[in-house]
Amino acid sequence: MLLNYFIGTAGSGKSTLTANLKTYILNRNPEVSVITLNLDPGVKNMP
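Residue numbers (the working numbering): 349 to 395.
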(Lines of atoms letter the chains of each structure in order from A and count residues from 1; the text may use other names and numbers.)
(Lines give C-alpha, C1' and ligand atoms only; values in the text may rest on other atoms or scores of the structure.)
Protein backbone atom coordinates (compact mmCIF):
# COMPACT_ATOMS: atom_id res chain seq x y z
CA MET A 1 0.00 0.00 0.00
CA LEU A 2 1.18 3.50 -0.85
CA LEU A 3 -0.09 6.59 0.95
CA ASN A 4 0.39 10.20 -0.17
CA TYR A 5 -0.63 13.15 1.96
CA PHE A 6 -0.63 16.67 0.50
CA ILE A 7 -0.81 19.79 2.65
CA GLY A 8 -0.71 23.44 1.65
CA THR A 9 -2.52 26.73 1.73
CA ALA A 10 -5.89 27.28 0.08
CA GLY A 11 -5.57 27.54 -3.69
CA SER A 12 -2.10 26.00 -3.83
CA GLY A 13 -3.18 23.15 -6.14
CA LYS A 14 -3.59 20.20 -3.79
CA SER A 15 -6.84 19.03 -5.41
CA THR A 16 -5.43 19.48 -8.91
CA LEU A 17 -2.29 17.56 -7.99
CA THR A 18 -4.37 14.78 -6.44
CA ALA A 19 -6.64 14.49 -9.49
CA ASN A 20 -3.68 14.48 -11.90
CA LEU A 21 -1.79 11.89 -9.85
CA LYS A 22 -4.86 9.64 -9.75
CA THR A 23 -5.24 9.90 -13.54
CA TYR A 24 -1.54 9.20 -14.06
CA ILE A 25 -1.56 6.10 -11.83
CA LEU A 26 -4.71 4.67 -13.43
CA ASN A 27 -3.35 5.28 -16.94
CA ARG A 28 -0.16 3.41 -16.10
CA ASN A 29 -1.90 0.51 -14.37
CA PRO A 30 -5.71 0.36 -14.71
CA GLU A 31 -5.88 -2.71 -12.45
CA VAL A 32 -4.94 -0.81 -9.28
CA SER A 33 -7.39 0.87 -6.94
CA VAL A 34 -6.97 4.56 -6.18
CA ILE A 35 -8.91 6.29 -3.43
CA THR A 36 -8.83 10.05 -2.90
CA LEU A 37 -10.04 11.76 0.26
CA ASN A 38 -10.41 15.45 1.10
CA LEU A 39 -10.22 16.07 4.85
CA ASP A 40 -11.08 19.79 4.66
CA PRO A 41 -14.38 20.25 6.53
CA GLY A 42 -15.01 23.53 4.69
CA VAL A 43 -15.26 21.89 1.27
CA LYS A 44 -18.82 21.24 0.11
CA ASN A 45 -18.12 20.24 -3.50
CA MET A 46 -15.04 18.68 -5.05
CA PRO A 47 -13.91 19.83 -8.52
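A virtual CB, placed ideally from N, CA and C, is assigned to each residue, including glycine. Keep in mind it's a predicted model, so treat the numbers as computed, not measured.
- In the structure shown, the three-state DSSP call for Ser381 is coil.
- It is roughly 11 Å from the alpha-carbon of Tyr353 to the alpha-carbon of Leu365.
- A distance below 7 Å separates the beta carbons of Val382 and Lys370.
- If you ignore the 5 residues before and after Ile355, its C-beta comes within less than 8 Å of the C-beta of Lys362, all in its own chain and listed in chain order.
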